[in-house]
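**Q** Sharing a structure below in structure tokens format, with a few things to ask.
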Amino acid sequence: MQLTGRSKPASDGANAMLHTLSVFSRRIMEHLNQALFLWINASDPTATNLLIGRLLANTLVYLFPLYLVLNWVRADAAGREALLQAILAAIIAMVLSWAIAKVWYHPRPFAIGLGHQYLAHKATASFPSNHLSFIWAICAGLYLHPVRRRAALILGAIGLLVAWARIYLGVHWPLDMIGAFVTAIVAAAISAPARHHVIPRLRRTIEPFYHLVFAWAIRRGWLRA
59 MQLTGRSKPA
69 SDGANAMLHT
79 LSVFSRRIME
89 HLNQALFLWI
99 NASDPTATNL
109 LIGRLLANTL
119 VYLFPLYLVL
129 NWVRADAAGR
139 EALLQAILAA
149 IIAMVLSWAI
159 AKVWYHPRPF
169 AIGLGHQYLA
179 HKATASFPSN
189 HLSFIWAICA
199 GLYLHPVRRR
209 AALILGAIGL
219 LVAWARIYLG
229 VHWPLDMIGA
239 FVTAIVAAAI
249 SAPARHHVIP
259 RLRRTIEPFY
269 HLVFAWAIRR
279 GWLRA
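Numbering (the working numbering), first residue to last: 59 to 283.
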């Protein structure tokens, strides 16, 4: 009984120490997050820099669904399955991103009056970045298939430009991009078991509709059957 009585204060002390360390580490992380944001965020940009930043932040994301569509019409079975894997991973990433934002709200930089905002945006939760969760989930899904790994790395590098631009324009934190990367990896991992059975069946289900709708273009050799 005495041992139990002594262990309780020791346990309470350990819990208090862990709590203190947790609070301290969060403060350090937030300080680093803000410092890196202020280093990247535009303070006195030229009109050209703002134009480039806005194009990167808002336009490049459309390259990814366009890539999926254009590659579907010229890919073989293995290539199409990689594209479907990427779509599945992206859907999962969007669900995860939505759930995280609901559970843990983190304000955007402009919502707390930090830095400079050059891109119109609602004061929704910043963490993780939806744009980059979507982009990097596509890349991670593609990377699961050897036939698309090179494309996954190239598209992932393009995603870095989008990440930089959204921080530069003041609507995201660097930590939001790290969160998006982790979200994308988790989403791809969740989608991975579907690779060998579900994805091939899904391809075989979709292809007849594709053949029906685009039969005229396939007959002329413009699209791959």
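Cβ coordinates follow ideal geometry from the N, Cα and C atoms, glycine included.
Model, not experiment: these values are computed from the prediction.
In angstroms, rounded to a whole number, what distance separates the CA positions of residue 142 and residue 219?
**A** One-based indexing of the sequence shown puts residue 142 at position 84. One-based indexing of the sequence shown puts residue 219 at position 161. For residue 142 and residue 219, the distance between alpha carbons rounds to 24 Å.
**Q** Just checking my contact of residue 228 with residue 167 at CB under 8 Å: how many whole Å lie between their CB atoms?
**A** In the sequence shown, the residue the question calls residue 228 occupies position 170. In the sequence shown, the residue the question calls residue 167 occupies position 109. Correct: roughly 6 Å between the Cβ atoms.
**Q** Tell me whether the beta-carbon of residue 222 lies closer than 8 Å to the beta-carbon of residue 184.
**A** Numbered from its first residue, the sequence shown carries residue 222 at position 164. Numbered from its first residue, the sequence shown carries residue 184 at position 126. For residue 222 and residue 184, no; Cβs fall outside 8 Å.
**Q** For residue 213 and residue 95, which I take to be in contact (beta-carbon distance under 8 Å), what is that distance rounded to the nearest angstrom?
**A** Taking the first residue of the sequence shown as position 1, residue 213 is located at position 155. Taking the first residue of the sequence shown as position 1, residue 95 is located at position 37. Incorrect: roughly 25 Å between the Cβ atoms, too far for contact.
**Q** Output needed for residue 194: all residues of its chain with C-beta closer than 7 Å, excluding positions within five of it in sequence on either side, in chain order.
**A** As a working mapping, residue 194 is identified with position 136 in the sequence shown. If we look at residue 194 and ignore the five residues flanking it on each side, its Cβ neighbours are 214, 217, 238, 239, 242.
**Q** Output the boundary residues of the alpha helix (DSSP H) element that contains residue 252.
**A** Here residue 252 is taken as the residue at index 194 of the sequence shown, counted from 1. Segment: none, residue 252 is in no alpha helix (DSSP H) and carries neither H nor E.
**Q** Quick one: what's got a C-beta closer than 8 Å to residue 257's C-beta in the same chain, skipping five residues either side?
**A** The sequence position of residue 257 within the sequence shown is 199, counting from 1. Excluding residues within five positions, the ones whose Cβ falls inside 8 Å are 139, 142, 143, 146.
**Q** For residue 145, report the span of its alpha helix (DSSP H) as first-last.
**A** Residue numbering aside, residue 145 sits at position 87 when the sequence shown is read from its first letter. Residue 145 -> alpha helix (DSSP H) spans 135–161.
**Q** Pull up the distance between the alpha-carbon of residue 205 and that of residue 163, whole angstroms please.
**A** Residue 205 sits at position 147 when you count from the first residue of the sequence shown. Residue 163 sits at position 105 when you count from the first residue of the sequence shown. C-alpha separation (whole angstroms): 38 Å.
**Q** Counting along the chain, where does the alpha helix (DSSP H) carrying residue 125 start and finish?
**A** Indexing the sequence shown from 1 puts residue 125 at position 67. Residue 125 -> alpha helix (DSSP H) spans 121–130.
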